[in-house]
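Colleague: One structure, pasted below without further comment.
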Ligand SMILES: Cc1cc2nc3c(=O)[nH]c(=O)nc-3n(C[C@H](O)[C@H](O)[C@H](O)COP(=O)(O)OP(=O)(O)OC[C@H]3O[C@@H](n4cnc5c(N)ncnc54)[C@H](O)[C@@H]3O)c2cc1C
């Protein structure tokens with residue numbers, strides 16, 4: 008363990024966590040620790056104060072009311088995956104949660120931590136963007152279209168805590184990712200959601216940040232079938248290229264995953 012010395016604070020409430028954050032200079036919130044702890048072990052982050060918001064009951068719940076599924080930010084992936092409310096209202100979201108990492112990661116990692124971290128290959132950002140979800144924080148309600156601002160960056164301000172995510176229930180939805188076999192992160196993942204007002208599609212893993220594909224959305228709004236996107240491709244310019252896959256390969260995967268996501272939504 009190579010972490011620098013830090014002070015650990017166990018917050019008893021969200022309000023207390025915010026106070027602790029405001030009172031301490033170089034602070035970071037700790038939720039499931041599935042990203043922050045490895046990052047600290049690699050010495051890529053060295054906060055002097057860790058404010059633990061993990062396990063707070065006020066952040067851990069799932070509610071299905073009317074046409075909205077609301078998930079508390081501290082809800083871990085395994086609970087979302089196994090929720091009867093999520094499985095019946097948005098089965099693609101339950102499936103997404105069940106495909107994150109391994110059982111240990113799913114037992115500790117939280118939805119709030121995942122979207123606050125905004126890893127370019129994380130799964131939840133695709134669901135938030137495609138489902139047009141809203142992110143409630145201790146300060147405001149943020150539109151999903153405005154939440155993810157770039158690689159590992161979001162609209163969150165210093166000290167702002169995500170408290171819940173509000174997902175509109177679509178008519179149909181599907182999520183398919185081509186996974187990195189070691190980490191299970193998405194090399195490229197596509198979430199498609201069909202609403203009465205039209206179709207939204209979001210891609211994770213391919214670029215520096217989750218993004219929508221308007222041309223595919225227009226085609227699927229006219230004809231919600233895999234063939235509708237079969238001849239639509241995205242440019243590899245600006246896509247991620249690394250030891251796992253080239254930008255051209257990821258661009259190819261966007262079309263393939265989009266077709267499979269639509270097929271999954273129709274299944
Ligand atoms: C081996 C392994 C495999 C993984 N595979 C996948 C995968 O396939 N797909 C995938 O999507 N992810 C994957 N992950 C990441 C995992 O989903 C993490 O759980 C998630 O990225 C972070 O959630 P956390 O609760 O652990 O957050 P933490 O690690 O505790 O925190 C992450 C960041 O978010 C901030 N934060 C946490 N909660 C809040 C909040 N409520 N409000 C504001 N800021 C907050 C923290 O300050 C920190 O900066 C994997 C992780 C590991 C270790």
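Residue numbers (our numbering): 8 to 274. Quick reminder that beta carbons are idealized off the backbone N, C-alpha and C, glycines included.
1) Would you call the region 226-246 and the region 146-154 in contact, with 3 or more CB pairs under 8 Å?
2) Using 8 Å as the limit for Cβ to Cβ distance, is residue 262 near chain C?
3) Consider the C-beta atom of residue 91 and the heavy atoms of ligand 1; say whether any pair is separated by less than 7 Å.
4) For residue 198, write down the residues that DSSP places opposite it in a beta bridge.
5) Determine, using beta-carbon pairs with one atom in the region 109-126 and one in the region 21-34, whether at least three such pairs fall under 8 Å.
6) Where DSSP assigns a beta bridge to residue 72, which residues make up the other side?
7) Taking 7 Å as the cut-off, is the CB of residue 40 close to at least one heavy atom of ligand 1?
8) Using a threshold of 7 Å, is the CB atom of residue 130 nearer than that to any non-hydrogen atom of ligand 2?
9) Have a look at residue 156 and residue 163 and give me their C-alpha separation to the nearest angstrom.
10) Taking the alpha-carbon of residue 166 as reference, which of 86, 57 and 53 has the nearest alpha-carbon?
11) Quick one: is residue 264 buried, meaning 16 or more other Cβ sit within 10 Å of its Cβ, or exposed?
12) Can you find a heavy atom of ligand 1 that lies under 7 Å from the Cβ of residue 219?
13) Taking C-beta to C-beta, are residue 183 and residue 268 nearer than 8 Å?
14) On the three-state DSSP scale, how would you describe residue 231?
15) Using only alpha-carbon positions, find the residue among 229, 168 and 93 that is nearest to residue 134.
16) Which complete beta strand (DSSP E) runs does the region 22-102 hold, if anything under 3 residues is left out?
17) Find out if the Cβ-Cβ distance for the pair residue 2, residue 100 is shorter than 8 Å.
18) Are the CB atoms of residue 132 and residue 211 within a distance shorter than 8 Å?
Modeller: This is what the structure holds:
1) Flag = no, the region 226-246 and the region 146-154 do not touch.
2) This model lacks chain C altogether; it includes just one protein chain.
3) For residue 91, the CB stays at least 7 Å from every heavy atom of ligand 1.
4) DSSP, once it has assigned bridges, lists 182 and 209 as partnering residue 198.
5) The region 109-126 and the region 21-34 do not touch, with fewer than 3 CB-CB distances between them shorter than 8 Å.
6) In DSSP, residue 72 forms a bridge with 75.
7) Because some heavy atom of ligand 1 lies under 7 Å away, the Cβ of residue 40 counts as near it: yes.
8) The model depicted lacks ligand 2 and carries ligand 1 instead.
9) Using only the alpha carbons, I get a separation of about 10 Å.
10) Taking only the C-alpha atoms, the option nearest residue 166 is 57.
11) Answer is buried; the Cβ neighbour count reaches 16.
12) Checking the Cβ of residue 219 against ligand 1 gives no.
13) A contact, by the Cβ cut-off of 8 Å.
14) The answer is coil: DSSP assigns residue 231 none of H, G, I, E or B.
15) For the residues 229, 168 and 93, the minimum Cα distance to residue 134 belongs to 93.
16) Whole beta strand (DSSP E) segments, 3+ residues: 34-37, 56-59, 69-72 and 75-79.
17) Since the first residue of the chain shown is 8 and the last is 274, residue 2 is not available in this structure.
18) For residue 211 and residue 132, yes; Cβs fall inside 8 Å.
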